[in-house]
Each structure stands twice: as C-alpha cells, then as structure tokens.
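S.K.: There's a structure below that I have some questions on.
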Amino acid sequence: MDDNKLLQKLSQNLLEILDDDEYYDIKIEVGNDPYVKVFRAHMVILNYRSTYLRRILSSSKKNDDETLVQIRLPNILPEIFQIILRYIYGGKISLEDYDTLDIVKILIAASELNLHELITYLQSFLIKNKVNWMGQNFNLVYQTSFENDSFSVLQKYCTDLVSKDPDKIFKSLDLSSVPENLLISLIQNDNLQMSEIQVWKNVLKWGLAQNPELSSNPSNYSKDDFNTLKNTLQQCIPFIRFYNFTSKEFSDNVLPYKEVLPEELFMDLLKTFLDPDRKPPISDRQNRKEGKKVLIIAYDIIKVLLL
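If you count by the numbering used here, then the sequence shown holds residues 88 to 394, one letter each, in order.
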C-alpha cells in the first residue's frame, strides 16, 4: 500500500470520527439567528488544526458540572463552516463541487480560522480556474482581497489586472463602497496605464460617491462643501501627479477644485502652469508609463550598438 492510500485511509477515518455520535467533547454554535447550527467536534483536533480555535479553546474550560464546552462563531455561515470542518478533519476539499461565490466565502472563513494552507490553496484555485468569474465580479474580489492581509496572492492579481486595464476596472467598481486604502493602492501604482487627468477624475468621482449630498458642479459649492470634499480626498491628493497635467487640463479640472488642494501645493501648481520655464519637483516629472518607455528605448539602443 503506497503513502497516498495510507493518507486517504487516515482522512477517511478522521471524517468517520467527525460523523460519529460518540466521543465528541465540544459544541460549536455557528451563524446568527435565525440561521444557527450547532456542530459537534473534538477539541484535540481543532486545537492542532487551527491557531484561532486553539486560542478560543485555551480560554474555554469545561464547566464543573462536566457539561460540554461550547463556543460561538457568529461570523461564519453554517453551510460554509460544515465544508471547512470536513477539511479540518479530512485534510481535503473538492472545490469543483461548489459555486465560486461559496469558494470566496470559504476563503473568508478560512482566514478567520487562520487556516493558512487552505487560504493559499483557495487563492491559487480562484486565479487558475475562475478568471472569467473574477473579472465579472471584480468589485467583490478586489474589496475582499484588500480587506485581509492574508490574501496577498489575490491582492497582487487584482493590482496587476488594474494596471493593465484601469478604465474597465474603474467602471466596474462601485466607487461608493470602495474603501480609501483600496483607492490609494490603485492610484499610487507606477504601472497604472492611465493618464494622470483620468486618475484625478476618478478620484473626484470617488470623493463625490462618498458624499452623495454634494453636487457634481463645484460652482455650486459652499465653503463647507469644499471642506467636506477636501477632508475626504486629503489622503489621496499626494498620489496625484498634478504637474503632469496640461495647462488646459489644469484649468478645466483643477482650478474649479482649488479649495480642495493644500494651499502651498495649489500656489506652486499655479506658478508652474503660468511659467512654462518653471520646473516641477523632480519626483513629479515622470509620467506613470514613461519609466517603462525609457527602459524599452534604452534596451533597443543597446541592441543596435551591439550589432
């Protein structure tokens, strides 16, 4: 009998223990009313399979009357926990049997339970097998990936996708529900293939989406309106490369929102666009895509010189 068959037998036996009505020593209440289910399990297995459950179990001692330990997991759906519990015991999971949205829910639950091997496996499965679905549901995938540091593989996938097709991605995002840190992760990307004016317009759209009471026409703004938008955008402003705008872009799209920018920045921008000979700060001279172009041109020149 080879090692794989031995492991399969072990997995089968552990799942039989899970399904057995005897010898369990813990109850797990999963979900919130009215969708709550109680699962029976074994402390020793949970203790060694999940660091999260280990912490809970270490603080949950058996009552003096010998009643079973009971813990609650209100943030996980019962049907999702059942899948994960079988993975915890059997060490395997067949993702082809589940809807893609359920796989995302399994991933989120696995993160809460600190099941690192499962997290890595699920991310890899989604990227290799569910590309079309993730493209169609990018808003969900993007937000989910950046809500948890454990999803670094999905984060990189989303960031790369945004860099390649930012217009499509920005249009697919529900800007009203995009957290600030996610937006910043987008606009600070040097490889973002989008003109700087479009970056600014999308940041403005995001700011207005966070404050639906504001008009889309800044000429109607009061001082309080400008302060509201300024406070919303203040963490994003440093990542906008205003010096790469044309004079017309600056006049049409920045001047109307001058109250939103820090005064020192606005005055320096104004001087720069009024004086063609004035040089902007070094850090703001390069367009997002220029760096790549320079490298490509330099590489081509070197090839010619070597011929």
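Glycine included, every Cβ here is placed at the ideal spot set by N, Cα and C.
1) Is it buried or exposed for Y56, if we count other Cβ within 10 angstroms and need 16 for buried?
2) Output the distance between the C-alpha atoms of L200 and I132, rounded to the nearest integer angstrom.
3) Is P253 buried or exposed, if buried means 16 or more other CB atoms sit within 10 Å of its CB?
4) Please state whether the Cβ-Cβ distance between W220 and T187 is less than 7 Å.
5) Cβ of V156 within 7 Å of Cβ of I113?
6) Using the Cα positions of S160 and S146, report the straight-line distance between them to the nearest angstrom.
7) By alpha-carbon positions, which one of T333, T319, N331 and N278 ends up nearest to E346?
8) Short of 6 Å in beta carbon distance, which residues of its chain neighbour I163, apart from the five on each side in sequence? Order them along the chain.
9) Pick out whichever of K92, E336 and R365 has its Cα sitting closest to the Cα of E283.
10) Give a yes or no on whether the C-beta atoms belonging to Y176 and L241 are separated by under 7 Å.
11) For N298 and L260, which I take to be in contact (beta-carbon distance under 8 Å), what is that distance rounded to the nearest angstrom?
12) Answer with buried or exposed for L270, where buried requires no fewer than 16 other C-beta atoms within 10 angstroms of its C-beta.
13) In three-state DSSP terms, what is I113?
14) Would DSSP call R328 helix, strand or coil?
15) Classify R365: buried if its beta carbon has 16 or more other beta carbons within 10 angstroms, exposed otherwise.
16) With a threshold of 6 Å on Cβ separation, who are the neighbours of K317 within its own chain once the five nearest residues in sequence on each side are excluded?
17) So, helix, strand or coil for Q322, using DSSP?
18) Kindly list the residues whose CB is nearer than 8 Å to the CB of L144, restricted to its own chain and excluding five residues on each side of it in sequence; keep chain order.
19) Please state the DSSP three-state secondary structure of I158.
20) Does DSSP put G178 in a helix, a strand or coil?
21) Assuming F233 and N268 make a contact with CB atoms under 8 Å, what is their CB distance in whole Å?
M.R.: Taking the definition as stated:
1) Since the displayed the chain opens at 88 and closes at 394, residue 56 lies outside it and no answer follows.
2) The count along the sequence shown starts at 1 and reaches residue 200 at position 113. The count along the sequence shown starts at 1 and reaches residue 132 at position 45. Approximately 14 Å between the Cα atoms of the pair.
3) The count along the sequence shown starts at 1 and reaches residue 253 at position 166. P253 is buried by the Cβ-count criterion.
4) As a first step, residue 220 must be located in the sequence shown, where it is residue number 133. As a first step, residue 187 must be located in the sequence shown, where it is residue number 100. It is a contact, given that the beta carbons lie within the stated cut-off.
5) For the purposes of this step, residue 156 is identified with residue 69 of the sequence shown, where counting begins at 1. For the purposes of this step, residue 113 is identified with residue 26 of the sequence shown, where counting begins at 1. In contact: V156 and I113 (Cβ atoms closer than 7 Å).
6) Counting from 1 along the sequence shown, the entry for residue 160 is found at position 73. Counting from 1 along the sequence shown, the entry for residue 146 is found at position 59. Reading off the sequence shown, one finds Leu at residue 160, where the question assumed Ser. Spanning the two alpha carbons is a distance of roughly 15 Å.
7) Translated into the one-based positions of the sequence shown, residue 346 becomes position 259. Among T333, T319, N331 and N278, the Cα nearest to that of E346 belongs to T319.
8) For the purposes of this step, residue 163 is taken as residue 76 along the sequence shown, with counting starting at 1. Answer for I163: V117 and A196, listed in chain order.
9) Here residue 283 refers to the residue found at position 196 when the sequence shown is read from its first residue. Taking only the C-alpha atoms, the option nearest E283 is E336.
10) The residue labelled residue 176 in the question sits at position 89 within the sequence shown. The residue labelled residue 241 in the question sits at position 154 within the sequence shown. No, these two residues do not count as a Cβ contact at 7 Å.
11) On the sequence shown, position 211 is the one that residue 298 refers to. On the sequence shown, position 173 is the one that residue 260 refers to. Their Cβ separation, rounded to whole angstroms, is 17 Å, which puts N298 and L260 out of contact at 8 Å.
12) Stepping through the sequence shown from its first residue, residue 270 is reached at position 183. Classification for L270: buried.
13) To locate residue 113, count along the sequence shown from 1; it is residue 26. Strand.
14) Position 241 of the sequence shown holds residue 328. Coil at R328, not helix or strand.
15) For the purposes of this step, residue 365 is taken as residue 278 along the sequence shown, with counting starting at 1. By the neighbour-count rule (16 or more Cβ atoms within 10 Å), R365 is not buried but exposed.
16) Taking the first residue of the sequence shown as 1, we reach residue 317 at position 230. Answer for K317: V347, listed in chain order.
17) The residue given as residue 322 occupies position 235 in the sequence shown. Here Q322 sits in coil by DSSP.
18) Residue 144 sits at position 57 when you count from the first residue of the sequence shown. Counting only Cβ-Cβ distances below 8 Å, and skipping sequence neighbours, we find I113, M130, L133, N134, V156 and I158.
19) Here residue 158 refers to the residue found at position 71 of the sequence shown. Looking at I158 - three-state DSSP - the assignment turns out to be strand.
20) Here residue 178 is taken as the residue at index 91 of the sequence shown, counted from 1. Note: G178 maps to coil in three-state DSSP.
21) For the purposes of this step, residue 233 is taken as residue 146 along the sequence shown, with counting starting at 1. For the purposes of this step, residue 268 is taken as residue 181 along the sequence shown, with counting starting at 1. With a Cβ gap of about 7 Å, F233 and N268 count as contacting.
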